[in-house]
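These protein sequences, in sequence, are chains Y and E.
Start counting at 1 in the first sequence, then tack on 202, and there's your number in my numbering.
Start counting at 1 in the second sequence, then tack on 44, and there's your number in my numbering.
Note that beta-carbon positions come from the ideal geometry of N, C-alpha and C, so glycine has one too.
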Amino acid sequence: MFVARSIAADHKDLIHDVSYDFHGRRMATCSSDQSMKVWDKGGNAEWNCTASWKTHSGSVWRVTWAHPEFGQVLASCSFDRTAIVWEEIVGESNDKQRGQSHWIKRTTLVDSRTSVTDVKFAPKHMGLMLTTCSADGVVRIYEAPDVMNLSQWSLQHEISSKLSCSCISWNPSSSRAHAPMIAVGSDDSNVTYGGKVQIYEYNEVTRKYAKAETLMTVTDAVHDIAFAPNLGRSFHVLAIATKDVRIFKLVPLRKDSSSSAPTKFEVQVLAQFDSHNSQVWRVSWNITSTLLASSGDDGCVRLWKANYMDNWKCTGILKGDGSPVSGQPGALSGILGSATAQSALNGNCPMKCAVMSKPRPRKEKPRGGILP
Amino acid sequence: MSSGYKPDILWSPHHADRYVICDTELSLYRIGPAGSSETKAGALPLSEETAATLLAINSDTPYMKCVAWYPKHEPECLLAVGQANGRVVLTSLGQSHNSKCKELVGKEFVPKHARQCNTLAWNPVDSNWLAAGLDKHRADFSVLIWDISSKFSPEAVPAEKVRLSGDVDSGLVVTKPLYELGQNDACLSLCWLPRDHQKLLLAGMHRNLAIFDLRNTSQKTFVNTKAIQGVTVDPHFQDRVASFFEGQVAIWDLRKFEKPVFTLTEQPKPLTKVAWCPTRMGLLATLTRDSNIIRLYDMQHTPMPFGDEVEPTIIERSVQPCSESIISSFAWHPSAQNRMVVVSPNRVMNDFTVFERISLAWSSTTALMWACGRHLYECAEDAGQGVAATEKDIATKMRERAQSHYGHDTVQVWRNHVLAGGDDPQLRSLWYTLHYILHCSQYTENVEQKQQSNKQSLIYSGIKNIVKSSSGTTETRRCWSGSDRQTDVPRYHSEERSLALQLCGWIGRGPDIDVEPFLKSLEQEGEWERAAAVALFNLDIRRAIQILNKGASAEKGDLNLNVVAMALSGYTDEKNSLWREMCSSLRLQLKKPYLCIMFAFLTSEPGAYDAVLYESRVAVRDRVAFACMFLNDAQLPRYIDKLTNEMKEAGNLEGILLTGLTKDGVDLMESYVDRTGDVQTASFCMLKGSPGEVLKDPRVQCWIENYRNLLDAWRFWHKRAEFDIHRSKLDPSSKPLPQVFVSCNFCGKSISYSCSAMPHQGRGFSQYGVSGSPTKSKVTSCPGCRKPLPRCALCLMNMGTPVSSCPGTGKANEKADLTRDKKLAQFNNWFTWCHNCRHGGHAGHMLSWFRDHSECPVSACTCKCMQLDTTGNLVPSDSV
């Protein structure tokens, strides 16, 4: 069972992103109020805000943690066309309030000419690398050659996807059999431009990223994309938030190692759910990639889980405000029942109640709470 | 509003729970929670939570073209209705006993020339002023501002007007407006400007937008544009105005009124309504004709006023409030965040909230955090809530198993499946297989040392390879035990086959091939059917019957077992007997697989045992053992191969019995991991394999790395360390090198006494004659140059790590002591220092200092030593 509880966030505007660190003991949030907050979990499992500071001169879209072996490092990206790398410092003897940590700006990446829509650190085994994507369709990969000096970042690769980018995701697989791979989603809503998810793979021979795959079946605007934690599996799983929730499986086809051509994949759609009934905004995998959470315009958070046969099912729905969805079958019939009673009562009333407003149809019957 | 019969919605400016639907009449509704007592009877459901109750209907005013709600609290429910003939009528919904209201209701404001009234706008400050926009008339004005408090005009009311309105009380008719604007023009939309509510009026005229200043009516600012419909001011930004023309919305900045700041993407169908969200800055909702979609434009990232170099960024969203049905109109709730009511052409209403985009993230410990609007919600897994094991996520399972030391029982290997929860038949089979493998290999190690290497690797290579290497199979036809009748069932024997049976667990190790101990243990477990089947396959019907009887009489025993025993006792090997005929047909109705295969065995022709071999409900272990006994050298490898491939494909761990810990086994485990993500089992299983080859497989290395990473992410650092120790025993290459040593400030050599990497150090040390007198004072100096070690910042004593736990032992034996006590000295006496300020002291002293202080104990050093390493401050979650 899952139990939802509310945390007083105290942001002055919409929160655009929330991100946990590697251990799940720290959390960062960013908002339209141009600020970021860092939260630490106290001994009593309560979240305490330990830092809050103005970061950008525009809405902050995303925030992400580096692996703790690189220190306490955050990256953020914003409408103000920049991405910023932050590092927490302790020990300077300025009279900070007790319990407040101090984050300083290590570098500002100003290469983009448009809003930077997503920022992600590459998997740990690749070193300290940072990727951004922007509304003008450019994916940039930066590297900090010296992990001790976070003010030095060199732009290693620029990939032009030719479509306005909204989200990126690294393939987290650390297996040597899998070349570094990044998926890019576009929120361009013009369906005639074709596939909105492109997958780029690093080529050891040319030392460049080359397009390995375009998911041609995803033609609507993509709002979020997430590779599942690989966990030693032989294939990759990719979740996509577009007008529905989609889960793709990418099975690398064997290739001879000498060839410099990008890996070919067998692409399968594992699942496709339109139960949000509207645009899907975010998707997120749990650590074993056995649970997927999605959020959509219906204001609900849905949890998806696969059984051993790769059949994905909804295992829980919660409203955005944490309250359970009152769409129990019993409750539905209750609403309809009272409606018919009412039309009988007001038989001569000039209301045209021939068609009763029906509760939105649901694909699955929600259970009481969210079951893992 | 333009098309008269499509319903429109107006929300009460002061009552958050009331709204009016207007089409041919006005209906006042109150919105409330669905199912509450006051709304129960006669409520229309608007959503899952809310319902509307009809409070009042007013059909006094025909030919309605537009409606505007009186903006002040009192009188409430006063509405101005603009009619097709240009008249504006004040009307009310519900009974108001307010005298002022009574005075006003029914008042009419009549233009000189009759034409359609397009729009109405109350002045929000001086609420007596009501602006009306009318169609064009050659000799008249199109914008009339009426004062509702003015008395009826003294001049006589023309008779035809009385006839038209049917109003006998002509005393309520006003014909003289306060202001007349826009001569020889048409007015399509109006709004008062908040910059100066009293004086400024924005009007969408025929081909332009005009701002009239009432202080000087001759003065007007205007801009030529087609976008003249639906002018509306952003309630959060008084200089921002939206207007539209057909499918296009134009956004204006009144300070730069020359041209639109920007226009929104054109819609293929004409727009019918455009409204700013009253609760959120810069959110505009638009609706087109015959559409089921409301489009929302979020303009909060558009800097105003506009620099020409900045391109506007507008987030466009579309929402479908009532799925497929068409929307006639909508209205924002005045105070509830992002809430609106929509109405369809047939007056079906829907209460709807536009949700903010929710962003979400999972933590490594399966907590879900999401942000909705300005709020954060965390949904943590509530452990121990009696969730069925099959429902549990593998992440939860792995965490629980790691905490119960799953995989660490190296003596009774089979027990690991109990540590895993004991409810997974595949894990059970896997750990028993590994148990038997290790058991057999230990035995061969002891007994047959001469051919050890060969046989050893055979044991690990699984039954598939064992069977392949089989040679010298003998065939016997044994009697049924307890009878002297010869069976016609051939049974095969070979050394390899009995090894396979050992691995299946049917017979014990060694030359003994007695199945009795196995039967005994099955009986103990209460697996009566399985025991009976095993007895039967060993051609001991009498024992099988005895077992079944025992099972029937046992506690919670199944009395049907007696019946089965009875049936069994009637066994006859005559081919055409009634018994055989009945058994082969009736056995299919038996629910228990083992009973089913018993009769299948008895009724099958020798060598044709498909009914037994392919009964998937029977454990692989038993089927394989059966095959090893009754299939000949040609059939057996074929069957085993087939079964192996099946297991590999399904990722069924029972198949490890067949594949062993070979590359085949890794293949099988790969499909198991692909299916479940259970890298924990995969890692521990592969570590049990004695031949190092499987450990070198990159896939196995990958699983181990992934599992260690999981343990780290969960802060199961103790578990990870234990796992590493466990791993290094089997895979010495995984042992990390020593990480740190302390070198003397003076001579630069390591101060360690027992550094195995530098044996000469120890020798050099004893040359100084210290080895005989290991006192504390001596170890506080460098063993290389005899200079004293640094002092503890707190006690100011020279530091050292005295071997106080074992005085009297010579230094030469220290390494042995190390392994015996597993520690050098009390942790409190350890060296410790801050790598940042390089001050330090005894670990115990430092810890107690930092319990109360945040800065370094050395004077004038402000280093916050204890807070430097954030990860270091985390507590391992498995230390409890």
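Residue j beta carbon less than 9 Å from that of residue i
{"i": "L838 (chain E)", "j": "T824 (chain E)", "result": "no"}
{"i": "R239 (chain E)", "j": "D283 (chain E)", "result": "yes"}
{"i": "D242 (chain Y)", "j": "V398 (chain E)", "result": "no"}
{"i": "V407 (chain Y)", "j": "T444 (chain Y)", "result": "no"}
{"i": "R435 (chain Y)", "j": "I442 (chain Y)", "result": "no"}
{"i": "S136 (chain E)", "j": "L122 (chain E)", "result": "yes"}
{"i": "S486 (chain Y)", "j": "A495 (chain Y)", "result": "yes"}
{"i": "I75 (chain E)", "j": "A96 (chain E)", "result": "yes"}
{"i": "S408 (chain E)", "j": "H225 (chain Y)", "result": "yes"}
{"i": "T163 (chain E)", "j": "C66 (chain E)", "result": "no"}
{"i": "S371 (chain Y)", "j": "I361 (chain Y)", "result": "no"}
{"i": "W288 (chain Y)", "j": "L276 (chain Y)", "result": "yes"}
Cα-Cα separation between residue i and residue j, rounded to whole angstroms
{"i": "S209 (chain E)", "j": "L234 (chain E)", "result": "In this prediction, S209 (chain E) scores a pLDDT of 46, lower than 50, which makes its location untrustworthy; the coordinate-derived value is nonetheless stated afterwards. Their Cα atoms are separated by approximately 25 Å."}
{"i": "C321 (chain E)", "j": "T319 (chain Y)", "result": "25 Å"}
{"i": "V294 (chain E)", "j": "L308 (chain E)", "result": "One point to set straight first is that residue 294 (chain E) is Ala, not Val, in the sequence displayed. Each residue's Cα considered, the two are about 7 Å apart."}
{"i": "A415 (chain E)", "j": "I209 (chain Y)", "result": "10 Å"}
{"i": "G816 (chain E)", "j": "P827 (chain E)", "result": "The pLDDT assigned to G816 (chain E) is 40, lower than 50, so where the model puts this residue is not dependable, and the model offers no usable value."}
{"i": "L54 (chain E)", "j": "V318 (chain E)", "result": "13 Å"}
{"i": "G150 (chain E)", "j": "K521 (chain Y)", "result": "47 Å"}
{"i": "N460 (chain E)", "j": "G552 (chain E)", "result": "20 Å"}
{"i": "S171 (chain E)", "j": "V386 (chain Y)", "result": "55 Å"}
{"i": "N872 (chain E)", "j": "C878 (chain E)", "result": "16 Å"}
{"i": "P51 (chain E)", "j": "P279 (chain E)", "result": "25 Å"}
{"i": "Y450 (chain E)", "j": "L474 (chain E)", "result": "13 Å"}
{"i": "L315 (chain E)", "j": "A379 (chain Y)", "result": "55 Å"}
{"i": "L547 (chain E)", "j": "Q590 (chain E)", "result": "26 Å"}
{"i": "V608 (chain E)", "j": "A644 (chain E)", "result": "13 Å"}
{"i": "A508 (chain Y)", "j": "E714 (chain E)", "result": "18 Å"}
{"i": "M843 (chain E)", "j": "Q486 (chain E)", "result": "49 Å"}
{"i": "S362 (chain E)", "j": "N390 (chain E)", "result": "22 Å"}
Simplified DSSP state of residue i, which is helix, strand or coil
{"i": "W320 (chain E)", "result": "strand"}
{"i": "I585 (chain E)", "result": "helix"}
{"i": "I591 (chain E)", "result": "helix"}
{"i": "N917 (chain E)", "result": "helix"}
{"i": "P57 (chain E)", "result": "coil"}
{"i": "G48 (chain E)", "result": "Unreliable positioning characterises G48 (chain E) in this predicted model, as indicated by a pLDDT of 45, which lies under 50. The coordinate reading is nonetheless provided below. Reduced to three states, the DSSP call for G48 (chain E) is coil."}
{"i": "D935 (chain E)", "result": "With chain E running from 45 to 924 in the structure shown, residue 935 (chain E) is simply not present."}
{"i": "L731 (chain E)", "result": "helix"}
{"i": "M229 (chain Y)", "result": "strand"}
Contacts that residue i makes with chain Y (C-beta to C-beta distance below 8 Å)
{"i": "L705 (chain E)", "result": "Per Cβ cutoff of 8 Å: no residues; L705 (chain E) is ~17 Å from chain Y at best."}
{"i": "D718 (chain E)", "result": "R435, S436, F437"}
{"i": "N750 (chain E)", "result": "S376, N432, L433, G434"}
Identity of the residue in the options nearest residue i by Cα
{"i": "L502 (chain E)", "options": "E:K156, E:A544, E:F289, E:D896", "result": "E:A544"}
{"i": "N880 (chain E)", "options": "E:H889, E:E899, E:W893, E:S597", "result": "E:E899"}
{"i": "M511 (chain Y)", "options": "E:T720, E:L72, E:M890, E:F894", "result": "E:T720"}
{"i": "S91 (chain E)", "options": "E:V386, E:R743, E:V133", "result": "E:V386"}
{"i": "W173 (chain E)", "options": "E:L216, E:W113, E:A158, E:N162", "result": "E:W113"}
{"i": "R540 (chain E)", "options": "E:A247, E:W406, E:I510, E:S648", "result": "First, the amino acid is wrong: residue 540 (chain E) is Glu here, not Arg. The candidate whose alpha carbon is nearest that of E540 (chain E) is E:I510."}
{"i": "C791 (chain E)", "options": "E:F306, E:V738, E:R743, E:R830", "result": "E:R830"}
Beta-carbon neighbours of residue i, restricted to chain E and to distances below 7 Å
{"i": "Q274 (chain Y)", "result": "T914"}
{"i": "H213 (chain Y)", "result": "R418"}
{"i": "A443 (chain Y)", "result": "Within chain E, no residue comes near A443 (chain Y); the closest Cβ sits about 10 Å away, beyond 7 Å."}
{"i": "G524 (chain Y)", "result": "Y421"}
Interface residues of chain Y facing residue i [CB-CB closer than 9 Å]
{"i": "H479 (chain E)", "result": "What H479 (chain E) touches in chain Y: nothing, since even the nearest Cβ is about 24 Å away."}
Per-residue contacts from residue i into chain E (C-beta, under 9 Å)
{"i": "N246 (chain Y)", "result": "Per Cβ cutoff of 9 Å: no residues; N246 (chain Y) is ~13 Å from chain E at best."}
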